[in-house]
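Here the structure comes first, spelled out in structure tokens, and everything after it is commentary.
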Amino acid sequence: MDDKLIILFDGVCNFCNYWVNFIIDRDRRSIQRFAACQSEFGQETLKKIKPFHKPILIHLC
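Its first residue numbered 9, the sequence shown is counted upward by one per residue in the numbering used here.
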């Protein structure tokens with residue numbers, strides 16, 4: 009993926025999916041990109057993040 013903002017989210021959470029779709033529908037400039045934490049990309053990204061950042065992402069996911 010390029011330099012656009014990537015938001016990791018819980019792909020099995022209906023609440024998370026609702027908000028992802030809500031944002032996508034309103035993001036006319038395609039500023040954000042989304043990846044489920046459960047996806048291959050999401051798992052690889054979570055492994056690369058420094059340990060002290062992981063809890064923040066987990067709360068967002």
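Think of the CB as a built atom: it goes at the ideal place given N, C-alpha and C, for glycine as much as any other residue.
What three-state label does DSSP hand residue i in the structure shown?
i     : result
Met9  : Caution applies to Met9, whose pLDDT of 47 falls short of 50 and renders its modelled position unreliable; the value that the coordinates give is listed next. Note: Met9 maps to coil in three-state DSSP.
Ile57 : coil
Ile15 : strand
Cys21 : coil
Do residue i and residue j have their C-beta atoms closer together than 8 Å?
i     : j     : result
Ile14 : Ala44 : no
Cys24 : Phe30 : no
Report, in whole angstroms, the separation of the C-beta atoms of residue i and residue j, which I expect to be a contact under 8 Å.
i     : j     : result
Gly19 : Gln46 : 5 Å
At which residue ranges does the region 29-54 contain complete beta strand (DSSP E) runs of 3 or more residues, listed in the order of the chain?
-> 40-44
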